[in-house]
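Quick note on our numbering: the sequence shown kicks off at 140 and runs consecutively.
Right, one structure below, let's go through it.
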Amino acid sequence: MFPVFPAFPALALPFPTIDPVIVSFGPFAIRWYALAYVAGLLIGWWMLIRIAEKPPAPDQPAVINRLGVDDFLLWATLGIILGGRMGYVLFYQGSYYLDDPLRILAVWQGGMSFHGGLIGVVLSGMWFCRRRTIPALALGDLLALVAPIGIFFGRIANFINGELFGRVTDVPWAVVFPRGGALSRHPSQLYEAGLEGILLFAILWGLHFFCAARARRGFLTGAFLLGYGIFRIGSEFFREPDAHLGFIAGGTTMGQWLSLPVAMIGAWLIFKAFNPGGQKAR
């Protein structure tokens with residue numbers, strides 16, 4: 140088991156008073172959580188357009204054109220929402236939703252899983268690539284460059300909602316979350332925004348600009364999966380496990396177990412890209 144540090148609420152930072160609801164129109168409310176998804180998708184779409192139409196090599200055609208990116212945005216959105224929701228239901232709250240399956244439809248109440256959303260995007264992306272005769276890993280390498288943007292906005296929204304907070308601590312930057320009791324906690328959502336969002340984004344773009352291996356199909360996809368898996372497993376040591384699940388085996392969490400195969404698949408894709416048979420054209 141991992142040690143629990145004493146908490147000193149008097150030294151902790153107060154939780155910022157940000158209403159999760161931006162504006163309401165009668166029963167209809169626009170939430171920061173939803174806006175984060177929209178911002179991640181739109182900024183990712185904008186960046187994807189600008190990098191997708193550039194040929195991976197002077198003698199190679201572009202992977203996908205502007206219309207293709209527009210078409211893929213719809214399928215990616217469906218994959219994220221459906222996969223993210225079903226992943227949360229299956230991985231974290233199965234019994235709760237089995238008691239009342241209609242709760243699954245209440246997406247606006249929160250409850251999304253990154254790992255489920257990743258599976259949803261992979262499945263919708265594979266279907267899209269098959270339909271468009273696009274190499275799946277070629278598209279994956281492009282998506283890897285923009286995916287951290289959505290992760291960043293999602294974690295910031297988690298912080299605003301005061302959810303998925305960290306474990307009890309006495310570090311000077313600890314925060315007392317309204318849902319976490321009168322205890323100072325790690326702002327683990329911000330850790331994840333920095334690691335899985337900003338740092339991973341910088342690493343992938345550094346590889347894109349300065350690493351010759353970027354031309355090997357699947358390399359950037361693998362780097363994204365490996366990087367996310369490592370950062371998520373590490374950040375889970377500071378994140379409070381879900382109350383209904385707690386710690387699983389040896390003090391580990393569900394998030395760590397779900398991230399382990401993600402990192403392993405990423406490492407395998409990198410290894411495959413560097414194999415003699417690895418394709419150099421994306």
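A virtual CB, placed ideally from N, CA and C, is assigned to each residue, including glycine.
Restricted to the stretch 359 to 415, the alpha helix (DSSP H) segments that are unbroken, complete and at least 4 residues in length are 393 to 413, listed in chain order. Contact fails between the stretch 274 to 281 and the stretch 307 to 318, because fewer than three Cβ pairs, one in each stretch, are under 8 Å apart. Between the stretch 346 to 356 and the stretch 292 to 307 there are fewer than three C-beta pairs closer than 8 Å, too few to call the two in contact. In the three-state reduction of the DSSP assignment, Pro153 falls in the strand class, which pools E and B. Counting along the chain, Phe164 sits inside the beta strand (DSSP E) bounded by residues 160 to 164. As the crow flies, the alpha-carbon of Gly226 is around 17 Å from that of Arg294.
By the neighbour-count criterion, in which a residue is buried when 16 or more other Cβ atoms sit within 10 angstroms of its Cβ, Trp266 is exposed. A straight-line Cα-Cα distance of about 8 Å links Pro326 and Phe298. Beyond the five residues adjoining it in sequence on each side, Phe386 comes within less than 6 Å, by CB distance, of Pro380 in the same chain, given in chain order.
Spanning the alpha carbons of Ala191 and Trp185 requires a straight line of approximately 10 Å.
Boundaries of the alpha helix (DSSP H) harbouring Phe292: 275 to 300, taken from the DSSP string.
Apart from sequence neighbours up to five positions away, the residues of its chain that approach Ala362 with a beta-carbon distance below 8 Å are Ala283, Ile342, Leu343, Leu346, Gly405, Ile409, ordered along the chain. Note on Ile157: under 16 other CB atoms within 10 angstroms of its CB, so exposed under the neighbour-count rule. Residue range 167 to 170 is occupied by the beta strand (DSSP E) that includes Arg170.
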